[in-house]
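Colleague:
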Amino acid sequence: MKFYRTGMDTYAAPTTLGKLALSSRFAMAPMTRKRSPGGVPTAANAAYYRRRAEGGIGLIITEGALIGHPSASHEDDVPRLTPGPAEAGWRLVTDEVHQAGGRIAAQIWHLGSERRPAETAWTPDRMKVKDFEQLLIAYAESARTAVRAGFDAVEIHGAHGYLLDEFLWPHTNHRTDRFGGAAAARAVFPAEVIRAVRDSIPAEMPLIVRFSQFKERDYAARIAETPAELAVILGAFAEAGADVLHASQRRFWEPAFDGDPANLAGWAKRLTGLPAITVGSIGLDRDRLPELEKHDADLIALGRVLLGTPDWAKLATTGRESEIRPYDKADEDVYL
Ligand SMILES: Cc1cc2nc3c(=O)[nH]c(=O)nc-3n(C[C@H](O)[C@H](O)[C@H](O)COP(=O)(O)O)c2cc1C
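Quick note: the sequence shown uses my numbering, first residue 26, plus one each step.
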């Protein structure tokens, strides 16, 4: 098992993301847990995140937290990122993570067409121009809430087939105005959201944008058929104020485009020069871990392995890998 420890050591070193100092290059991937009754994070949520900070994660990215607009979601137990009780709940979370030496980013989310019942969902094709303004206001308010609640960074959820990603994907964006058409036009509304958030947080606070090719409902989907198209979309994000790109893929070792071994994070970095976070089955198949070095990511995000083993990063980098429990799907139901 020695190769395993050696492969991971490099990620245990302190680093910086812009001006934000991190204790390691391990991030926690955002994972919805639906354990915030009434949309308000609790002391149990704070303890859950604290355990991952204690376990060697340099940057925690929270589960998706909803903007304060009724179209954002139908779920009662998904946390909100709004002034009032939810803000106070998040303050418990950020305090605990900071006490453990960790840093934490809030992921800001709107479900788009995944809202239920489906007739009530806002989608790119259904939205009126006046609706855009309402959402920009709500995103900005969530960003200001994140700052007041003590977050160190924010991440905009622009991946997986939710609202902002639905603008990027031609299959779910048939608009003929300035918000639809070629890649540059499809990126207009997501970029406006990025700008609204950027203008609502301190200049030195990292603004992460998460994007993906795949959708939860279509793993083969693509927002960009070519690196040139991806360059247009990510260039618009950077221009609007994104300063870190979180390239979500299901398996980090898979090339993003034919003919080049670079994964999606590698391409994001190459095309924009911005720092990138990679993610996707890290630690699920231990034999794949040495391949991480080939992918030029600034941070590596762990998702499912952290559900059952909160201190996965610490165990993997201190010679205690034999204590890591193999990931089990049942871990998704546990909340400790
Ligand atoms: C239970 C669960 C909930 C998730 N919720 C979110 C979410 O709220 N926001 C998001 O961007 N991704 C979400 N994801 C995707 C993860 O962030 C991550 O990209 C994915 O699990 C792949 O990483 P892994 O193989 O290390 O688990 C979720 C994944 C899981 C397993």
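C-beta atoms are modelled at their ideal positions from N, C-alpha and C, and glycine is treated no differently. Computed from a predicted structure; not experimentally measured.
Taking 8 Å as the threshold, find out whether the region 289-297 comes into contact with the region 321-330 through three or more Cβ pairs.
Modeller: The region 289-297, when compared against the region 321-330, does touch it at the 8 Å Cβ threshold.
Colleague: Starting from residue 123 and walking both ways along the alpha helix (DSSP H), at which residues does that stretch end?
Modeller: Run containing residue 123: 110-124, per the alpha helix (DSSP H) assignment.
Colleague: What are the uninterrupted segments assigned as alpha helix (DSSP H) that are 4 or more residues long and contained completely in the region 239-320, given in chain order?
Modeller: Counting only runs of 4 or more, we get 252-265, 289-297.
Colleague: Can the beta-carbon of residue 79 be found closer than 8 Å to that of residue 37?
Modeller: Against a cut-off of 8 Å, the Cβ pair of residue 37 and residue 79 comes out as no contact.
Colleague: With which residues is residue 236 paired in a DSSP beta bridge?
Modeller: Partner(s): 183, 272.
Colleague: Give the straight-line distance between the Cα atoms of residue 282 and residue 343, rounded to the nearest whole angstrom.
Modeller: Spanning the two alpha carbons is a distance of roughly 35 Å.
Colleague: Helix, strand or coil for residue 85, going by three-state DSSP, please let me know.
Modeller: Reduced to three states, the DSSP call for residue 85 is strand.
Colleague: Helix, strand or coil for residue 97 per DSSP?
Modeller: Three-state result, residue 97: coil.
Colleague: What does the Cβ neighbour count give for residue 345, buried or exposed, with the cut at 16 atoms within 10 Å?
Modeller: Classification of residue 345: exposed, given that the 10 Å Cβ count is below 16.
Colleague: Can you round the beta-carbon distance between residue 313 and residue 337 to whole angstroms, since I take them to be within the 8 Å contact cut?
Modeller: Actually they do not touch by this definition, with Cβ atoms about 15 Å apart.
Colleague: With DSSP collapsed to three states, give me the class of residue 50.
Modeller: Three-state DSSP puts residue 50 in coil, outside helix and strand.
Colleague: Roughly how many whole angstroms lie between the Cα atoms of residue 109 and residue 142?
Modeller: Each residue's Cα considered, the two are about 27 Å apart.
Colleague: Judging by CA-CA distance, which residue of 191, 236, 175, 165 is the nearest neighbour of residue 220?
Modeller: For residue 220, the nearest C-alpha among the options comes from 165.
Colleague: Take the Cβ of residue 66 as the centre, count every other Cβ of all protein chains shown within 10 Å, and call the residue buried at 16 or more, exposed below.
Modeller: By the neighbour-count rule (16 or more Cβ atoms within 10 Å), residue 66 is buried.
Colleague: Return the CA-CA distance between residue 71 and residue 296, expressed in angstroms with no decimal places.
Modeller: C-alpha separation (whole angstroms): 37 Å.
Colleague: Going by beta carbon distance, what residues of the same chain come within less than 6 Å of residue 329, once the five residues before and after it are set aside?
Modeller: Taken in chain order, the residues that qualify are 352.
Colleague: Thinking C-beta only, is residue 82 closer than 8 Å to residue 49?
Modeller: Yes.
Colleague: Quick check: residue 225 and residue 173, are their CB atoms within less than 8 Å of each other?
Modeller: Their beta carbons are not under 8 Å apart, which means residue 225 does not touch residue 173 by this criterion.
Colleague: Using a threshold of 7 Å, is the CB atom of residue 361 nearer than that to any non-hydrogen atom of ligand 1?
Modeller: No, since every heavy atom of ligand 1 falls outside the 7 Å radius drawn around the Cβ of residue 361.
Colleague: For ligand 1, any of its heavy atoms closer than 7 Å to the Cβ of residue 273?
Modeller: Because some heavy atom of ligand 1 lies under 7 Å away, the Cβ of residue 273 counts as near it: yes.
Colleague: Taking all protein chains shown into account, decide if residue 27 is buried (16 or more other Cβ within 10 angstroms of its Cβ) or exposed.
Modeller: Below a pLDDT of 50, predicted positions are generally treated as unreliable, and residue 27, at 42, falls in that range; the measurement from the model is reported next regardless. That one is exposed.
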